[in-house]
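Trainee:
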Amino acid sequence: MSVQVSLSRLNMFHGHLQGSELLRAMIMAEFAGKIALISSFGADAALLLSMVADINPATPVFFLETEKHFPETLEYAKTLTASLALTGVHWLTPDPELLVRTDPKGDLWQSQPNRCCWLRKVEPLNRAVETLAIQALITGRKRYQTPDRAEMQTIELDDKNIFRINPLAFWDKEKQKQEIILRNLPEHPLFAEGYRSIGCAPCTA
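Under my numbering, the very last position in the sequence shown is 515; numbers go up by exactly one each time.
#1: Alpha carbon to alpha carbon, what distance is there between Lys485 and Ala363?
#2: Comparing C-alpha positions only, which one of Arg437, Arg334, Pro499 and Val410 sits nearest to Met361?
#3: To the nearest angstrom, how far is it from the Cα of Met311 to the Cα of Gly343?
#4: Taking the alpha helix (DSSP H) that Trp419 falls in, what are its first and last residues?
#5: What is the rounded straight-line gap between the Cα of Val399 and the Cα of Thr391?
#6: For Ala339 and Gln420, I'd like the C-alpha separation in whole angstroms.
#7: Between Ala368 and the rest of its own chain, which residues show a CB-CB distance below 6 Å, the 5 nearest in sequence each way excluded?
#8: Taking all protein chains shown into account, do 16 or more other C-beta atoms lie within 10 angstroms of the C-beta of Gly504, making it buried, or fewer, making it exposed?
And the structure:
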């Protein structure tokens with residue numbers, strides 16, 4: 311069966327689902343043992359992590375440890391991992407040899423930010439997906455975030471034939487906020503300081 315046919319089937323049976331219902335179908339049935347969550351452990355990461363933990367706390371979680379994060383983010387990642395009893399968190403770091411060759415001074419983000427993102431995010435993620443034979447990745451992307459995501463669906467297929475599961479695609483900020491409060495989840499420590507989107511320290515305003 312081709313991946314396009316598989317995408318059609320997934321959308322036929324599960325395309326109407328969102329949130330925890332979609333996650334349960336993907337984690338426990340469609341991609342059992344072959345699915346992972348990508349998490350930034352950023353401003354609103356706790357919600358999706360909590361939802362996945364409720365279904366299967368052993369689900370692999372890929373944290374892209376770019377070695378450029380705020381110390382608060384690294385501490386937050388450890389806190390959430392412990393409080394949600396997540397047992398499959400992988401800290402994905404850049405390839406050491408590539409790092410020495412491509413960004414020896416650690417300042418590539420200043421001159422070639424896209425290259426820096428590839429080195430510290432894309433390559434480590436691709437490597438983990440291949441190593442663990444992952445077929446689907448859960449993301450926290452939402453339609454309201456950018457114009458490019460305005461037409462995003464809950465189940466998609468990327469250019470590497472990896473399924474992208476977007477359980478919060480249709481959620482707005484208010485729905486997120488209500489669910490975070492309901493679950494009594496801790497905020498990222500920098501959220502109180504005015505940060506609303508938290509990534510690598512050099513590229514976060």
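From the three backbone atoms N, C-alpha and C, an ideal C-beta is built for every residue, glycine too. Here the structure is a predicted model, which is why all the values come from computation and not from measurement.
Mentor: Reading from the atomic positions:
#1: C-alpha separation (whole angstroms): 19 Å.
#2: Here the closest residue by C-alpha is Arg334.
#3: The predicted model places Met311 with a pLDDT of 49, which falls under 50 and marks its position as unreliable, so this point remains unresolved.
#4: Element bounds for Trp419: Leu418 to Ser421.
#5: Going from the Cα of Val399 to the Cα of Thr391 covers about 7 Å.
#6: Cα atoms of Ala339 and Gln420: separation of roughly 44 Å, rounded to the nearest angstrom.
#7: Closer than 6 Å at Cβ, skipping near neighbours: Thr397 and Gly398.
#8: Looking at its Cβ environment, which holds fewer than 16 other Cβ atoms inside 10 Å, Gly504 is exposed.
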